[in-house]
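Residue numbers (my numbering): 5 to 272.
We treat Cβ as the ideally placed atom computed from N, Cα and C, and that holds for glycine.
Take a look at the structure set out below.
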Amino acid sequence: MAPRAIASALCRGMTRAMTYGRYLALDQLLAAQHPLSDRDDELLFIIIHQTKELWLKQILAELRLAKMLVREGRPTEAYKGLARVSRIQAVMTLSWDVLATMTPADYTRFRDVLGPSSGFQSDQFRAMEVMLGLRDGSGVPGPLTDAAYQEPSLWDDAQACLAARGGAVPASVLERDMTKPWVPDTAVEDAWAAVYADTAQWWDLYQLAEKLVDIDDALATWRHKHVLTVSRVIGGKRGTGGTDGVGYLQGTLGKRAFPELWSLRTRL
């Protein structure tokens, strides 16, 4: 059969079968960018942020599964998903380098069309923070964030897992109001320090803890790169959402979802 006939037959077959574009809903996906200005850089700005939201959707799916496994005392099975989260975070951090190719002059040409919209309003990003354990009430409420507040955080689940294995986690921690912000607890640090002091006995929980630190580390790195990129593009201007811009972002750099896993390192 001639090459042209083969190609024609393949095309006819694809009209009846699943195709790459149909499977990925590319018609809808590629039609979801709607710049409000005639500036080319606005398309980049939209795609960067839409891509972030897609990655966040995957992160939330991985965290839901990991939380269930940890809560059920199956931490080893949670490793893959938690490792995937930190790898996705690394990819998200690299995207700031792409956005940084947009100069301040480029951004100011379309910034006004953004109005009061801001990444601060991302329901998925805030839901991720709440699922990890960052429950300070900041951010704009949304259905995913509200739902995350109704469940224990991943850090709460880790305490339950450690306690079920005989770790000395106080009852006051296990029975706390989990909708409230986490308050660092020296007894929790003691319990996890014991895990680090005898990794042979607690190997699976030790590895779980390190996976959590990977996520916290990656989130802190993402925040730092966010600050640098925003500073590079808008300097000291206020954010579009009414925040203090770089000043607000700098205030988030010290956030840690698993603080005792950081503080215990001083004593090892």
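Quick one: Cα of residue i to Cα of residue j, how far?
i	j	result
alanine 94	tryptophan 226	8 Å
leucine 34	glutamate 46	15 Å
isoleucine 238	proline 145	26 Å
serine 142	glycine 85	26 Å
aspartate 110	lysine 184	42 Å
alanine 195	arginine 68	25 Å
glycine 255	glutamine 32	38 Å
leucine 223	valine 217	10 Å
aspartate 160	methionine 96	26 Å
histidine 230	glutamate 57	15 Å
tyrosine 286	glycine 258	Residue 286 falls outside the range modelled here, since the chain spans only 5 to 272, and no answer is possible.
alanine 201	isoleucine 50	47 Å
glutamate 133	arginine 113	32 Å
valine 117	aspartate 42	11 Å
isoleucine 10	glutamine 62	38 Å
aspartate 101	histidine 53	13 Å
serine 267	alanine 197	9 Å
glutamate 193	tryptophan 186	13 Å
Can you list, in chain order, the residues of its chain whose CB lies under 6 Å from that of residue i, leaving out five sequence neighbours each side?
i	result
glycine 39	Looking at the sequence provided, one finds proline at residue 39 rather than glycine. The residues are Glu46, Leu47.
leucine 1	With the chain represented from 5 up to 272, any question about residue 1 goes unanswered, as that position is not in the structure.
Identify which residue in the options has its Cα closest to the Cα of residue i.
i	options	result
aspartate 189	Leu253, Asp127, Asp181, Ser176	Ser176
leucine 64	Ala204, Thr270, Glu179, Ser126	Ser126
aspartate 44	Arg130, Phe129, Arg115	Arg115
Over the uninterrupted alpha helix (DSSP H) stretch that includes residue i, give me the two end residues.
i	result
threonine 203	That residue, threonine 203, is in no alpha helix (DSSP H); it is neither H nor E in DSSP.
proline 108	108-112
leucine 148	147-153
Between which residues of its own chain and residue i is the CB-CB distance below 8 Å, once the five residues before and five after are set aside?
i	result
lysine 215	Ala82, Tyr83, Leu86, Ala87, Ser90
leucine 158	Leu67, Ala70, Lys71, Val74, Met135, Leu136, Gly137, Leu216, Ala261
glycine 25	Asp31
tyrosine 153	Val134, Arg139, Thr183
Can you name, in chain order, every residue of its own chain whose Cβ lies under 7 Å from the Cβ of residue i, other than the five neighbours on each side?
i	result
alanine 167	Val173, Leu178
Measuring only from the beta carbon, is residue i closer than 8 Å to any heavy atom that is part of the ligand GDP?
i	result
threonine 256	The ligand GDP is not part of the structure shown, which contains no ligands of any sort.
My parser needs the alpha helix (DSSP H) runs of 4 or more residues fully inside the stretch 155-191; what are they? The stretch 155-191 is shown to contain whole alpha helix (DSSP H) runs of 4 or more residues at 158-168, 175-178, in chain order.
My parser needs the alpha helix (DSSP H) runs of 4 or more residues fully inside the stretch 20-94; what are they? DSSP runs (the alpha helix (DSSP H)) wholly in the stretch 20-94: 24-27, 30-34, 44-75.
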